[in-house]
């Protein structure tokens, strides 16, 4: 199975822009085309940015 690490910019962009490349990456992840690999630091940064 393919694994991918995405950064905060890509994750936040996928929430904001429904027809963007980052959103397409999110859709493919949700369909199970790859496994999303993340870290506690990335999750915390996303939380800070979205507040």
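Residue numbers (full-length UniProt numbering): 1 to 51.
The beta-carbon is built from N, C-alpha and C at its ideal position, and this holds for glycine as well.
| Query | Result |
| --- | --- |
| If I measure Cβ to Cβ from residue 47 and keep anything under 7 angstroms in the same chain, skipping five residues before and after, which residues do I get? | none |
| Where does the unbroken beta strand (DSSP E) through residue 35 begin, and where does it stop? | 35-37 |
| If I measure Cβ to Cβ from residue 34 and keep anything under 6 angstroms in the same chain, skipping five residues before and after, which residues do I get? | 2, 4 |
| Return the chain-ordered list of same chain residues with a C-beta closer than 6 angstroms to the C-beta of residue 29, the five sequence neighbours on each side being excluded. | 36 |
| Could you tell me the distance, in whole angstroms, from the CA atom of residue 20 to the CA atom of residue 14? | 7 angstroms |
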